[in-house]
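Chemist: Structure provided below as structure tokens; questions to follow.
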Amino acid sequence: MTVEAQTAGRGTVRRLAGALHRRPRLRLGLLLTAPLLWLAVLYLGSLAVLFVSAFWTTNSFTSEVVKVWSTDNFHELFTTPVYRQVILRSVGVALAVSLLCAVIAFPLAFYTARVARPKWRPLLVVAILTPLWASYLVKVYAWRLILSEGGLADWMLKPFGLSGPGYGLPATVLTLTYLWLPYMVLPIHTALEQLPANLLDASADLGARGWRTFRSVVLPMVLPSVAAGSIFTFSLSLGDYITVQIVGGKTQLIGNLVYSNIELNLPMAATLATVPVAVIVLYLLAMRRTGALSSL
Amino acid sequence: MQLSRSARIALRVAAGLGFAVIYVPLLLVLVNSLNPDRSASWPPPGLTLHWWSVAKDNSGAREALWVSVKAGLGATAIALVLGTLIAFAVARYRFFGRDAISFVVVLPIALPGIVTGIALNSAFSTVLEPLGVGLGLFTVVVGHATFCIVVVFNNVVARLRRTSGTYEEAAMDLGAHTFRAFVDVTFPLVRSALFAGGLLAFALSFDEIVVTTFTAGPGVQTLPLWIFDNMTRPQQAPVVNVVAAVLVLFSVIPIYIAQRMSADTATSSRV
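Okay, structure coming up:
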């Protein structure tokens, strides 16, 4: 490139930069065009079509989608006992997992945030988060191994004359609890760590013993974080259909129903898929009242 | 809070049990890869490296690993570009619908994977099939990128909010034009956030199975799909055991990098 061409090139860059600098709206437009095309058109567009198709039906002979507006699928959803049962079971599993996670996470977080020596605390947090980097499938597979016949669970319970739960609903709850536990420990740990020491001192000065302080001071202040953690544990459990296929035996959850309808009746699959979305939105709204969203 | 001695001991024991529950399954996967037996009964009858050498030559698993790496790199690259663009728009401008954008970015990861999966699947089959493009690695990359954008966005937007725009203004006052200010000032400021976001995005993509199930064409098998496919086949159990153990060992890499990075930022922020 000659010197003139170089300066001319530089001049163009400068002019372009100047033009952009004077037009903030243009800059914003350039920043947002590609991502909005991707997220708003491709992603939200597909989602919208999916949820519209929940109101379509299929020809029962050819399995072809009939694009005529009807609420038949939703009628079927609310009146078929199997669907109602599976939905209730799925919500029950998600709630049980969240509760178990909270019960296990609380003492763990209390230890890492207030009991362990301060210099060990960051390391302990890393130790809790480490399994999140391990593959989801591998962790589920680990529980498949543990709960298999003659596996680790059976071996550990044998001296007590018991045997492991085997594959089924309890195994599903157990495995999901294991998978999502770190999401519950972390917010509780953070909340406990940030608990001002002078509040605890004040409580002690007013004559409260450990347990009373815990119930009246610590618990109310940490509850929003428990709710925040439960948003993860609840919604991740509700949408899961892989774990239950691996350790759930014949158990069916809402995800399995969606999956089994995709090939033959896509509109029904879409209708079923609205259920976890609606439940998660309701759960989010309920948790917002506890102040969970601001402590995420 | 003054805890009684017994409360302290109880918490220590509970935490010890908690950590045991967290790590025993991962250790079991490692030990089980040395199990000479095809069944997972405990304790294993002996230890052998035989299955490791068998797994090394398993072409299915190796191909799947390669597909996963390609999908992860593709999705990470797209997520880095799109996530950064959105982060700059949200952190540096005020405009109508700004909160809505932050919400839409989180949506692909907040909704159950199966919802995102079938939505993309039916969109691909209605839009791409008439064009003669079937599902394949390309559609996997598109699907993964969609939910990877959020982690890049979160990292970069957090960094941009902490560093105000005054650095760029200072650079411009000193005569730098928009691009020069970006290259010399803004980019070095967000570089480590980009790296962290990219690392998370790759890990997310590498591990994903649900969206992958619905966006992968026939013949495209990522490592999670391969594991899921072979998990219930007794014949393949030993090879699955080894692959699972390898993945547990792999997970140390990002943790190591993340630790190194937080150590680096801790030292550089002192300047």
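Protein chains in written order, with the working numbering: chain A, 1 to 296; chain B, 1 to 271. Quick reminder that beta carbons are idealized off the backbone N, C-alpha and C, glycines included.
Would you check if the distance between the CB atom of B:Arg161 and the CB atom of B:Ala193 is smaller than 8 Å?
Modeler: no
Chemist: Give the residues of chain A in contact with B:Ile227, contact being defined as C-beta atoms less than 9 Å apart.
Modeler: Ser135, Leu137, Val138, Tyr141
Chemist: Measure how close the beta-carbons of B:Leu131 and B:Phe124 come, nearest whole angstrom, since I'm counting them as under 8 Å.
Modeler: Not quite, the Cβ-Cβ distance comes to about 10 Å (not below 8 Å), so this is no contact.
Chemist: For B:Gln235, is the classification buried or exposed, using 16 other Cβ atoms within 10 angstroms of its Cβ as the cut-off for buried?
Modeler: exposed
Chemist: With distances taken from CA atoms, which of A:Ile280, A:Thr290, A:Leu285, A:Thr79 is nearest A:Ser90?
Modeler: A:Ile280
Chemist: Entirely within the region 244-290 of chain A and at least 4 residues each: give me those alpha helix (DSSP H) ranges in chain order.
Modeler: 254-261, 266-288
Chemist: Could you name the residues of chain B that A:Trp69 contacts, counting a contact when the two beta carbons are closer than 8 Å?
Modeler: Those do not exist, as A:Trp69 stays about 18 Å from chain B at its closest Cβ, beyond 8 Å.
Chemist: Does chain A have any CB closer than 8 Å to the CB of B:His177?
Modeler: yes
Chemist: At a Cβ cut of 7 Å, what residues of the region 88-102 of chain A count as close to chain B, listed as they run along the chain?
Modeler: none
Chemist: With burial defined as no fewer than 16 other Cβ atoms inside 10 Å of the residue's Cβ, what is the status of A:Phe234: buried or exposed?
Modeler: With 16 or more other Cβ atoms inside 10 Å of its own Cβ, A:Phe234 counts as buried.
Chemist: Using the three-state DSSP reduction, which class does A:Thr62 fall into: helix, strand or coil?
Modeler: Note: A:Thr62 maps to coil in three-state DSSP.
Chemist: Can you pull the chain A neighbours of B:Trp42, defined as C-beta to C-beta under 8 Å?
Modeler: Gly150, Gly151, Leu152, Asp154, Trp155
Chemist: Please say whether A:Ala273 and B:Ile118 have beta carbons closer to each other than 8 Å?
Modeler: yes
Chemist: In its own chain, which residues sit with a C-beta less than 8 Å from the C-beta of A:Ala171, not counting the 5 before and 5 after it?
Modeler: Trp143, Leu147, Pro165, Val247, Gly248, Gly249
Chemist: Excluding five sequence neighbours on each side, which residues of the same chain lie with their C-beta closer than 8 Å to the C-beta of B:Thr232?
Modeler: Closer than 8 Å at Cβ, skipping near neighbours: no residue.
Chemist: What first and last residue would you give for the alpha helix (DSSP H) that runs through A:Pro220?
Modeler: 219-239
Chemist: May I ask you to report which of helix, strand or coil DSSP gives A:Thr57?
Modeler: strand
Chemist: Of all the CB atoms in chain B, is at least one closer than 8 Å to the CB of A:Trp56?
Modeler: no
Chemist: What in chain A is Cβ-close to B:Leu247, meaning under 9 Å?
Modeler: Residues of chain A passing the Cβ test: Ala134, Ser135, Leu137, Val138.
Chemist: With a threshold of 16 other CB atoms inside 10 Å of the CB of A:Val267, please say whether the residue is buried or exposed.
Modeler: According to the sequence displayed, residue 267 of chain A carries Pro and not Val. So A:Pro267 ends up on the buried side.
Chemist: Taking 8 Å as the threshold, find out whether the region 145-163 of chain A comes into contact with the region 191-211 of chain A through three or more Cβ pairs.
Modeler: no
Chemist: Taking the Cβ atom as the reference point for each residue, do B:Ser251 and A:Ala134 lie within a distance shorter than 8 Å?
Modeler: In this structure, B:Ser251 sits near A:Ala134, with a CB-CB distance shorter than 8 Å.
Chemist: So with CB distances below 9 Å, who are the chain B contacts of A:Thr130?
Modeler: Ile22, Tyr23, Leu26, Ser251, Val252, Ile255
Chemist: Between A:Gly239 and chain B, is the shortest Cβ-Cβ distance under 8 Å, so that the two count as touching?
Modeler: yes
Chemist: Can you find the residues in the same chain that come closer than 7 Å, C-beta to C-beta, to B:Ile280, ignoring five residues on each side of it along the sequence?
Modeler: The question about residue 280 of chain B has no answer here: the residues shown for chain B are numbered 1 through 271.
Chemist: By the 10 Å Cβ neighbour count, where 16 or more other Cβ atoms means buried, how is B:Tyr23 classified, buried or exposed?
Modeler: exposed
Chemist: Could you check whether B:Gly198 and B:Thr48 sit closer than 8 Å to each other, using their CB atoms as the reference points?
Modeler: The answer is no: Cβ separation not under 8 Å.
Chemist: Counting only runs that start and end within the region 20-83 of chain B, where is the alpha helix (DSSP H) found for 4 or more residues in a row?
Modeler: 50-56
Chemist: Give the DSSP-derived three-state secondary structure of A:Glu193 in the structure shown.
Modeler: helix
Chemist: Taking C-alpha atoms, which residue in A:Thr251, A:Leu108, A:Leu42 lies nearest to B:Leu17?
Modeler: A:Leu108
Chemist: Going by C-alpha distance, which of A:Leu162, A:Lys67, A:Thr213 is nearest A:Thr58?
Modeler: A:Lys67
Chemist: Can you tell which of B:Phe214, B:Pro218, B:Ala244, B:Arg260 has its C-alpha closest to the C-alpha of B:Ser122?
Modeler: B:Phe214
Chemist: Please report the distance separating the alpha-carbon of B:Leu26 from that of B:Val243.
Modeler: When rounded, the distance between both Cα atoms is 13 Å.
Chemist: What does A:Ser46 reach in chain B if we use C-beta pairs closer than 8 Å?
Modeler: Ala119, Leu120, Ser122, Ala123
Chemist: Is there a C-beta anywhere in chain B that falls below 8 Å from the one on A:Pro107?
Modeler: yes
Chemist: Please report the straight-line C-alpha distance between B:Val133 and B:Leu120, rounded to a whole angstrom.
Modeler: 14 Å
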